Amino acid sequence: MYDSIIVGAGLSGLTAATDLVAQGRDILVLEARDRVGGRVENAGLAGGEVVELGGQWVSEAHEQMRSLITAQGLAFAGPTSGDVVVKMHGTVSQVPSASAAKDSLTPFEFADLGQGLLRFRRLAERIAQNPVWTQANRAWLSQTLGQWINSNLRTDGGRAYFTALTARALGVAPESAALIDALAKAGDGVDLESLVAVNGDLAQQRVVGGVAQVADNLAIGLGDALRLSTPVVGIVREADHAVVVTRDGERLEARTVVVALPPRLLVDLTFDPPLPEERVQLAEKVPPGNVIKAFLVYDSPWWRRSGASGQMGADEGAVRVMFDTSDDTTGKGVLMGFFEGAEASGYGRLSVSLRQRAFEEVVEGAFGKAPSEPVEYLDRDWLSERYTGGCHGAHFAPGLWTTSGPVLAQPLDTVFFAGAEYATSFNGYMEGAVRRGHEVVDEVTAAL
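If you're matching positions, the sequence shown starts at 999 in the working numbering and goes up one per residue.
If you want it as structure tokens, here you go:
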């Protein structure tokens, strides 16, 4: 009998497994895919360049991720320099920095945006520091973020810019996101601009060669304790141990089990006895974000010739946020963009060639006509990924995280839970996944 079986080899599961191995525990990690990393994945382009199909951004605030990256001897790549393209109300502006993108607004709209950001930041600080006030105002805080924006910003431009920021930060429309959940994210120590990388804070740096190397290196350290291509279909909870059932019918016993999967995937497992109804309903109410991450590859980063950084933010279009993720050692130019929300749903039903054309049109609208056709296009539709079911992180409906979110991480007898959505800080980010991986080991250790 194993001390612990970890279901899922994403960053959280791998972190937990590594910590348990360091304690001398007898463990086994089961991963359904033929690779590790979960929502962190590298891909090679035809020219040898590496792109990151999933998570990639690391900031100074991401202490656990930075510690892992540094310990593994990996290097960071900083953001590109140059102007940022901002498309607002159909007008394209090229400004010296993303934070200066607000200069594309009229003075009155800029002032309105500023006071909105200030109000939002102060609210985030209040709910983080004053739980009594938060509890007393829970009904008011349960309104949607969209309702709050409409009530607290007075100009069309201010509302449009604020809405664009929050939509990119949360991966969902503000009309369906709870105000209190958005405030909780901001309370992790970054403001809205940082959340969407416009000030080079939360999303400032990438890992040279791709952040999936972190997962690969953790996996190497596990050796034979890791099994790939082994989907788990059920978990039987006994009084003093648990039995994990694989798709092939194998039954593996362990004193504890760590389920390191996105919450929505819990309903795909058969639990015996069944999960409490509250847990099932909660998992079903936590849908993942809907994102297609896309890459256009050119012979060179031609947009830099006009002083553009390759970064773009827009309030409309198929792709509304874009970054330059070129590897300067190859000479190729790589633009990365997101189809998000409704755009991801719509374009996800179309062919790859039509998505490429839509992305090219956005690029042309932002930087002008390219001197040559793209040499390659690649995208990842995370909603169609069977063992992920969407990205970025899961979306908690209005008020759900603050009222029921902590229930997700509560153990059930000998079964424990890990993953980015179970983290109390940096929820939904790679940093949150790693932190929760460490936390769950403390819980497991206490039970062994």
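Beta carbons are placed, not taken as given, at the ideal position from N, Cα and C, and that holds for glycine.
Here the structure is a predicted model, which is why all the values come from computation and not from measurement.
**OP:** Return the chain-ordered list of same chain residues with a C-beta closer than 6 Å to the C-beta of Arg1031, the five sequence neighbours on each side being excluded.
**Re:** Tyr1385
Subject >> Within the segment 1355 to 1443, ranges of the alpha helix (DSSP H) (whole runs, at least 4 residues) >> reply: Runs found: 1398 to 1406.
Original post:
Taking the alpha-carbon positions, what's the Gly1208 to Glu1050 distance?
Top reply: 6 Å
**OP:** Compute the Euclidean distance between the alpha carbons of Ala1059 and Asp1246, then round it to the nearest angstrom.
**Re:** 42 Å
**OP:** Would you decide whether Asp1017 is buried or exposed? Buried here means 16 or more other CB atoms lie within 10 Å of its CB.
**Re:** buried
Subject >> Limits of the alpha helix (DSSP H) - the one that Asn1150 falls within >> reply: Leu1143 to Asn1150
Original post:
Alpha carbon to alpha carbon, what distance is there between Val1019 and Val1027?
Top reply: 11 Å
Subject >> Extent of the continuous beta strand (DSSP E) to which Val1265 belongs >> reply: Unbroken run through Val1265: none, as it is neither H nor E.
Subject >> Met1063 beta carbon less than 8 Å from that of Glu1429 >> reply: Against a cut-off of 8 Å, the Cβ pair of Met1063 and Glu1429 comes out as a contact.
**OP:** Check whether the segment 1372 to 1381 touches the segment 1265 to 1277, taking contact to mean three or more Cβ pairs, one atom from each stretch, closer than 8 Å.
**Re:** no
Subject >> Inter-residue Cα distance where the pair is Arg1433 and Val1212 >> reply: 15 Å
Original post:
If you run the structure through DSSP and keep just helix, strand and coil, what is Met1310?
Top reply: Three-state result, Met1310: strand.
Original post:
If you follow the beta strand (DSSP E) that Ala1292 is part of, which residue opens it and which one closes it?
Top reply: Val1289 to Tyr1296
Subject >> Cβ neighbour criterion (16 or more within 10 Å) applied to Gly1008 >> reply: buried
Original post:
Tell me the DSSP bridge mates of Tyr1000?
Top reply: Ala1252
Original post:
If we count the other Cβ atoms within 10 Å of its Cβ and call it buried at 16 or more, is Asn1128 buried or exposed?
Top reply: exposed
Original post:
Taking Gly1112 as the reference, which of Trp1301, Gln1133 and Asn1150 has the closest Cα?
Top reply: The candidate whose alpha carbon is nearest that of Gly1112 is Asn1150.
Subject >> For Thr1068 and Asp1110, believed in contact at Cβ under 8 Å, the rounded distance >> reply: So it is not a contact: roughly 42 Å between Cβ atoms.
**OP:** Please name the residue, chosen from Gly1311, Ile1004, Asp1297 and Glu1419, that lies closest to Ala1044 on a Cα-to-Cα basis.
**Re:** Asp1297
Subject >> Option in Gly1331, Lys1291, Thr1412 and Leu1263 with minimal Cα separation from Gln1279 >> reply: Among Gly1331, Lys1291, Thr1412 and Leu1263, the Cα nearest to that of Gln1279 is on Leu1263.
Original post:
Count the other CB atoms within 10 Å of the CB of Thr1013; is the residue buried (16 or more) or exposed (fewer)?
Top reply: buried
Subject >> Distance, Gln1203 Cα to Gln1133 Cα >> reply: 37 Å
**OP:** Could you round the C-beta distance between Val1242 and Ile1003 to whole angstroms and report it? I think they count as a contact, below 8 Å.
**Re:** The Cβ separation is near 5 Å, so the contact holds.
Original post:
Under the rule that 16 or more other beta-carbon atoms within 10 Å means buried, what is Ala1292, buried or exposed?
Top reply: So Ala1292 counts as buried.
**OP:** Return the CA-CA distance between Val1048 and Trp1055, expressed in angstroms with no decimal places.
**Re:** 15 Å
**OP:** Return the chain-ordered list of same chain residues with a C-beta closer than 8 Å to the C-beta of Val965, the five sequence neighbours on each side being excluded.
**Re:** Residue 965 lies beyond the stretch modelled for the chain, which goes from 999 to 1446, so this question has no answer here.
Subject >> Status (buried if at least 16 other CB within 10 Å, exposed otherwise) for Leu1200 >> reply: Summary for Leu1200: the model assigns pLDDT 36, below 50, so the residue's position carries little reliability; its value from the coordinates is reported in the next sentence. Buried, by the Cβ-count rule.
Subject >> Proximal residues to Met1334 (C-beta, below 6 Å), its chain only, five neighbours per side dropped >> reply: Contacts found: Phe1293, Phe1321 and Thr1323.
**OP:** Keeping to the same chain, check which residues put their C-beta closer than 8 Å to that of Glu1441; ignore five residues upstream and five downstream.
**Re:** Pro1409 and Phe1414, listed in sequence order.
Subject >> Separation of Arg1037 from Ala1431, as counted between CA atoms >> reply: Distance between the alpha carbons of Ala1431 and Arg1037 is about 11 Å.
**OP:** Can you have a look at Leu1116 and say buried or exposed, based on whether 16 or more other CB atoms are within 10 angstroms of its CB?
**Re:** exposed
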